[in-house]
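J.: The structure that follows is given in the form of structure tokens.
Number of protein chains: 2
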Amino acid sequence: MRILVLGGDGYLGWPTALHLSDCGHEVAVADNFARRGYDHEMGVESLVPIEPMQVRLDAWREVSGKTIKSYYGDLCDGEFTIDMIADFRPDAIVHFAEQRAAPYSMIDRKHAVYTQQNNVVGNLNVLFAIEQVDPEIHLVKLGTMGEYGTPNIDIEEGWLEVTHNGRTDRMLYPKKPGSFYHLSKVHDSHNIEFATRIWGLRATDLNQGVVYGQETDQTARDQRLATRFDYDAIFGTVLNRFVIQAVLGHPLTVYKPGGQTRGMLDIRDTVECIRLACENPADKGEFRVFNQMTESYSIDQVAKIVADKFDGSAEIEYVDNPRVEQGEHYYNVKHTGLVDLGLQPHLLSETLIENMFSVADKYKDRVDLGAMRPTVSWRTAQSPLRADK
Amino acid sequence: MRILVLGGDGYLGWPTALHLSDCGHEVAVADNFARRGYDHEMGVESLVPIEPMQVRLDAWREVSGKTIKSYYGDLCDGEFTIDMIADFRPDAIVHFAEQRAAPYSMIDRKHAVYTQQNNVVGNLNVLFAIEQVDPEIHLVKLGTMGEYGTPNIDIEEGWLEVTHNGRTDRMLYPKKPGSFYHLSKVHDSHNIEFATRIWGLRATDLNQGVVYGQETDQTARDQRLATRFDYDAIFGTVLNRFVIQAVLGHPLTVYKPGGQTRGMLDIRDTVECIRLACENPADKGEFRVFNQMTESYSIDQVAKIVADKFDGSAEIEYVDNPRVEQGEHYYNVKHTGLVDLGLQPHLLSETLIENMFSVADKYKDRVDLGAMRPTVSWRTAQSPLRADK
């Protein structure tokens with residue numbers, strides 16, 4: 001298949017492109033390198049050094065003998081988007097190309113507006129380009145489990161059979177997202193569902209859990225193929241941050257009370273889920289939703305798992321929660337769609353954590369401790385980027 | 001109370017400002033005059049001539065002795081928005097200032113992107129300005145009944161008690177909107193609910209039905225106070241268009257099959273609903289939703305009512321439906337919230353229709369027949385603005 005990976009320079013976009021290429025697909029990546037720009041804005045960088053796109057592509061050609069085509073541009077530029085899609089003529093488009101950090105979207109008005117405008121407009125341009133170039137192109141769109149929030153009922157895969165006053169309908173699952181970023185993904189989901197309904201497009205919306213891990217079979221083949229490993233309070237996700245804190249002898253900082261539960265998955269499962277979604281496209285006119293996660297853990301449990309597996313002592317510290325979220329809640333998520341397509345989950349095992357400890361240890365001198373302290377508060381409309389500024 | 005009406009130059013914003021001023025409130029209007037700009041773009045104009053804002057304000061002062069303050073600017077300009085709100089320090093903000101035509105949003109990619117960007121970003125800027133200037137300010141936001149679509153269950157007022165697998169939660173009512181415009185309002189609703197949840201703002205979301213009529217007690221007091229009366233296929237709403245078609249001896253054009261049912265209300269009820277919402281604010285942290293409509297009719301029924309009431313012969317013609325919508329469907333809407341606050345609805349009565357016929361007759365020489373034919377199709381991503389171009 002011909003597969004275009006939007007956001008192909010990112011934490012997950014890049015390993016996904018490699019995995020798809022390795023599986024024999026004809027792959028192109030597109031990026032505007034906005035994620036590298038956020039590093040400059042925040043004054044942080046990936047713990048693991050990453051190479052420029054051209055070096056990455058050359059290394060992959062050396063290692064695998066396969067070529068990945070690259071497009072440089074911004075999806076908010078509608079003409080660029082349609083020209084690229086008309087040029088590459090993909091069978092599937094994997095869309096990772098959005099601002100993806102909840103705290104970034106909560107810094108202040110400008111970051112909230114940027115996040116929603118960037119994500120919603122870029123996604124609209126992709127929908128219009130598909131309709132105009134070829135409505136058969138399958139859109140595989142990255143959403144987030146955070147779209148659902150933490151409802152008191154089971155979380156289904158995107159749709160809910162509702163019975164009310166004796167009548168029944170199959171409705172989009174009601175969403176209650178937890179940040180302006182998560183909201184942008186809810187907006188996207190609604191726009192995509194509409195496009196499948198009026199234009200007969202094919203779309204898969206992947207509500208992804210928190211991803212952990214840094215290596216895949218492909219990125220491990222050459223240091224130049226490494227993907228990002230973020231640990232800062234804005235872009236770093238919780239398990240990755242705990243691993244680095246343990247390695248540094250720093251307490252693992254759990255946002256109070258710690259009972260917040262989230263769906264999670266291994267980075268190797270992310271890339272495999274995308275392959276499965278692409279190779280088994282949604283029907284014409286179908287808005288298909290999968291909950292892309294393999295296990296649920298509370299933040300407390302994650303901290304304890306990391307502390308237990310760490311080969312040394314690791315303390316857990318409960319810190320004030322900068323977010324507005326439920327501390328104790330029901331959480332039961334259906335996630336059988338991708339398993340039915342053949343996903344064999346990597347569960348949160350010793351192997352992977354050990355690998356992460358060794359990655360963290362190798363680059364621990366690059367850590368900026370100040371970047372780990374949360375400064376962005378959900379309770380105010382204006383937060384500082386760093387505690388030390 | 002001090003009330004700021006955003007979009008105060010529009011079809012409903014202007015009569016609302018006059019009604020609130022007449023009821024003794026201290027009123028300001030804000031507008032960027034985008035709606036007048038769409039007229040130039042489309043090559044159409046209001047059937048009833050409307051005066052520039054300054055003439056309107058002077059006329060109101062002459063007629064009532066009351067002053068309405070005016071701000072000129074664009075809500076997408078965050079600094080303008082916060083400065084204005086800090087300057088006027090309203091108790092309530094009535095937010096009409098969005099691109100409000102479904103067909104306009106469906107013309108092509110640029111109009112879809114413009115609609116969502118304009119509406120979503122403007123609304124975000126209002127939320128941030130309220131949080132920063134005074135979180136006590138009550139936001140009264142205009143949404144649309146079209147956010148719900150036509151579900152097979154009763155439509156509640158914004159929230160739904162869902163029971164699923166033996167557990168229960170109160171959730172946002174699942175939405176299935178019918179255009180990129182309607183989607184923009186769904187996005188707004190989600191953003192507003194989040195702001196009430198994290199910042200404790202007070203908000204009322206008014207899911208308004210199709211408004212008909214052109215005169216209110218205040219606009220009738222001087223011809224210079226008239227509000228718009230749109231009949232074109234982009235901005236004209238269905239009852240208004242049928243009245244003008246009847247007066248011109250043109251068949252009333254019903255989009256097939258005609259069983260499409262919508263909530264409707266009289267323009268005099270719109271302005272009264274807004275007053276009631278302002279004078280009875282939502283609680284701190286409350287996302288309150290009212291379905292602002294008084295009756296439901298199918299498009300067929302509306303055509304028949306207009307034809308029956310018209311003092312002459314009026315034919316009904318069934319034309320191909322440019323929209324993608326259900327032709328026959330269940331439609332049962334709860335709309336008791338505003339009645340509980342004291343609304344006394346004007347039902348679709350002979351009186352009002354007669355008044356509309358006389359208004360249409362007075363200005364019938366201004367009608368551009370070509371503008372009434374629908375050219376914007378929901379089934380394609382690129383439509384012409386006019387059939388005759």
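Chains as they are written, first to last, in full-length UniProt numbering: chain H, 1 to 389; chain X, 1 to 389.
Just so it is clear, CB atoms sit at the ideal spot from N, CA and C, and this is done for glycine as well.
Please read these numbers as outputs of a predicted model, since none were measured by experiment.
1) By the 8 Å beta-carbon criterion, what residues does the region 180-214 of chain H contribute toward chain X?
2) Assuming the contact rule is C-beta atoms closer than 8 Å, X/V324 and H/I93 should be a hit. Round their C-beta distance to whole Å, please.
3) Could you tell me the distance, in whole angstroms, from the CA atom of X/K389 to the CA atom of X/A17?
4) Return the chain-ordered ranges of every beta strand (DSSP E) run that is complete within the region 86-119 of chain H and spans a minimum of 3 residues.
5) Is it buried or exposed for H/K185, if we count other Cβ within 10 angstroms and need 16 for buried?
6) State the start and end residues of the unbroken alpha helix (DSSP H) segment that holds H/F290.
7) Spell out whether any CB of chain X is found under 9 Å from the CB atom of H/N165.
8) Nearest by alpha-carbon distance to H/G161: which of X/W159, X/E156, X/N152, X/E157 is it?
9) Closest by CA to X/L206, which one among X/G146, X/N321, X/S179?
10) What is the rounded straight-line gap between the Cα of X/V367 and the Cα of X/H182?
11) Using a Cβ-Cβ cutoff of 7 Å, what residues of the region 67-85 of chain X are near chain H? List them in chain order.
12) Which residues in chain X sit within 9 Å of H/T168, going by Cβ to Cβ distance?
13) Helix, strand or coil for H/S313? Go by DSSP, reduced to three states.
14) If we count the other Cβ atoms within 10 Å of its Cβ and call it buried at 16 or more, is X/H95 buried or exposed?
15) Would you kindly work out how many angstroms separate the C-alpha atoms of X/N315 and H/K110, rounded to a whole number?
16) What is the DSSP secondary structure of H/N152, counted as helix, strand or coil?
17) Thinking just about the alpha-carbon of each residue, which of H/E215, H/G249, H/I137 is nearest to the one in H/A86?
18) So what does X/L6 bridge to, in DSSP terms?
19) Is it buried or exposed for H/F287, if we count other Cβ within 10 angstroms and need 16 for buried?
20) Using only alpha-carbon positions, find the residue among X/D108, X/F357, X/R228, X/R379 that is nearest to X/S46.
21) What are the boundary residues of the beta strand (DSSP E) that includes H/S298?
22) When burial is assigned at 16 or more other CB atoms within 10 Å of the CB, is H/G263 buried or exposed?
23) Considering only residues of the same chain and omitting the five flanking positions on each side of X/G327, which have a CB-CB separation below 8 Å?
24) Would X/I274 and X/L20 be called neighbours here (beta carbons separated by less than 9 Å)?
25) Kindly list, in the order they appear in chain H, the residues whose Cβ is closer than 9 Å to that of X/L172.
26) Does chain X have any CB closer than 9 Å to the CB of H/K110?
27) Taking the continuous beta strand (DSSP E) assigned at H/M171, which residues delimit it?
28) Cα separation between X/A97 and X/T115?
29) Using only CA atoms, which one of X/P384, X/T380, X/I305, X/V319 lies nearest to X/L347?
30) Decide if X/D31 is buried, meaning its Cβ has at least 16 other Cβ atoms within 10 Å, or exposed.
31) Return the CA-CA distance between H/A307 and H/G65, expressed in angstroms with no decimal places.
32) Checking the sheet assignment: what are the DSSP bridge partners for X/Q382?
33) Over the uninterrupted alpha helix (DSSP H) stretch that includes H/D188, give me the two end residues.
34) Determine the DSSP secondary structure at X/A303, reduced to helix, strand or coil.
35) From which residue to which residue does the alpha helix (DSSP H) around X/D346 run?
36) Tell me whether H/G10 is buried or exposed, calling it buried when 16 or more other Cβ atoms sit within 10 Å of its Cβ.
T.: Short version:
1) F180, L183, V186, H187, H190, N191, E193, F194, R197, I198, W199
2) In the second sequence, counting from the first residue as 1, residue 324 of chain X sits at position 324. In the first sequence, counting from the first residue as 1, residue 93 of chain H sits at position 93. So it is not a contact: roughly 23 Å between Cβ atoms.
3) Mapped onto the second sequence, residue 389 of chain X falls at position 389. Mapped onto the second sequence, residue 17 of chain X falls at position 17. Only weak support is given to the placement of X/K389: the predicted model assigns it a pLDDT of 44, under 50, and the value that follows is read from those uncertain coordinates. So the two alpha carbons sit approximately 37 Å from each other.
4) 92-95
5) Sequence index remark: in the first sequence, residue 185 of chain H carries index 185 (1-based). Buried is the call here.
6) Locating residue 290 of chain H in the first sequence gives position 290, where the first residue counts as 1. H/F290 -> not in any alpha helix (DSSP H); beta strand (DSSP E) instead, spanning 287-292.
7) One-based indexing of the first sequence puts residue 165 of chain H at position 165. Answer yes: the Cβ-Cβ gap between H/N165 and chain X drops below 9 Å somewhere.
8) Counting from 1 along the first sequence, the entry for residue 161 of chain H is found at position 161. Reading off the sequence, residue 161 of chain H comes out as Glu, not Gly. Minimum Cα distance to H/E161 is reached at X/N152.
9) Within the second sequence, numbered from 1, the residue matching residue 206 of chain X stands at position 206. The candidate whose alpha carbon is nearest that of X/L206 is X/G146.
10) As a first step, residue 367 of chain X is located in the second sequence; it is residue number 367 there, counting from the start. As a first step, residue 182 of chain X is located in the second sequence; it is residue number 182 there, counting from the start. Answer to the nearest angstrom: the Cα atoms are 28 Å apart.
11) G78
12) Position 168 of the first sequence, counted from the start, is the residue given in the question as residue 168 of chain H. N152, I153, listed in chain order.
13) Indexing the first sequence from 1 puts residue 313 of chain H at position 313. It is coil, neither helix nor strand.
14) Here residue 95 of chain X is taken as the residue at index 95 of the second sequence, counted from 1. Buried, by the Cβ-count rule.
15) By one-based count along the second sequence, residue 315 of chain X stands at place 315. By one-based count along the first sequence, residue 110 of chain H stands at place 110. Strictly speaking, residue 315 of chain X in this sequence is Glu, with Asn absent from that position. Roughly 54 Å between the two C-alpha positions.
16) Your numbering for residue 152 of chain H matches position 152 in the first sequence. Correct three-state label for H/N152: coil.
17) Taking the first sequence and counting its residues from 1, one reaches residue 86 of chain H at position 86. Selected option, being the one with the closest Cα: H/I137.
18) On the second sequence, residue 6 of chain X is found 6 positions in, with the first residue counted as 1. Per DSSP, X/A30, X/H95.
19) Indexing the first sequence from 1 puts residue 287 of chain H at position 287. Under this definition H/F287 is a buried residue.
20) The residue you call residue 46 of chain X lines up with position 46 of the second sequence. Residue X/R228 is the option with its Cα nearest to X/S46.
21) Start at 1 with the first residue of the first sequence, and residue 298 of chain H comes out as number 298. Element bounds for H/S298: 295-298.
22) Position 263 of the first sequence, counted from the start, is the residue given in the question as residue 263 of chain H. Counting Cβ neighbours within 10 Å, H/G263 comes out buried, since at least 16 surround it.
23) Counting from 1 along the second sequence, the entry for residue 327 of chain X is found at position 327. Contacts found: K256, P257, G258, G259, Q260, N321.
24) Mapped onto the second sequence, residue 274 of chain X falls at position 274. Mapped onto the second sequence, residue 20 of chain X falls at position 20. Cβ atoms of X/I274 and X/L20: closer than 9 Å.
25) Your numbering for residue 172 of chain X matches position 172 in the second sequence. Going along chain H in sequence order, the residues near X/L172 (Cβ under 9 Å) are P174, K175, K176.
26) One-based indexing of the first sequence puts residue 110 of chain H at position 110. For H/K110, the answer is yes, since a Cβ of chain X falls inside 9 Å of its Cβ.
27) Indexing the first sequence from 1 puts residue 171 of chain H at position 171. That run of the beta strand (DSSP E) goes 167-172.
28) The residue given as residue 97 of chain X occupies position 97 in the second sequence. The residue given as residue 115 of chain X occupies position 115 in the second sequence. If you take the alpha carbons of X/A97 and X/T115, they lie about 11 Å apart.
29) As a working note, residue 347 of chain X is residue 347 in the second sequence. Closest by alpha carbon: X/I305.
30) Mapped onto the second sequence, residue 31 of chain X falls at position 31. That one is buried.
31) On the first sequence, residue 307 of chain H is found 307 positions in, with the first residue counted as 1. On the first sequence, residue 65 of chain H is found 65 positions in, with the first residue counted as 1. About 41 Å.
32) Indexing the second sequence from 1 puts residue 382 of chain X at position 382. Looking at the DSSP assignment, X/Q382 forms a beta bridge with X/D108.
33) On the first sequence, residue 188 of chain H is found 188 positions in, with the first residue counted as 1. Run containing H/D188: 180-199, per the alpha helix (DSSP H) assignment.
34) Here residue 303 of chain X refers to the residue found at position 303 when the second sequence is read from its first residue. Reduced to three states, the DSSP call for X/A303 is helix.
35) Locating residue 346 of chain X in the second sequence gives position 346, counting from the first residue. First, the amino acid is wrong: residue 346 of chain X is His here, not Asp. It is not in any alpha helix (DSSP H) - X/H346 carries neither H nor E in the DSSP assignment.
36) As a first step, residue 10 of chain H must be located in the first sequence, where it is residue number 10. That one is buried.
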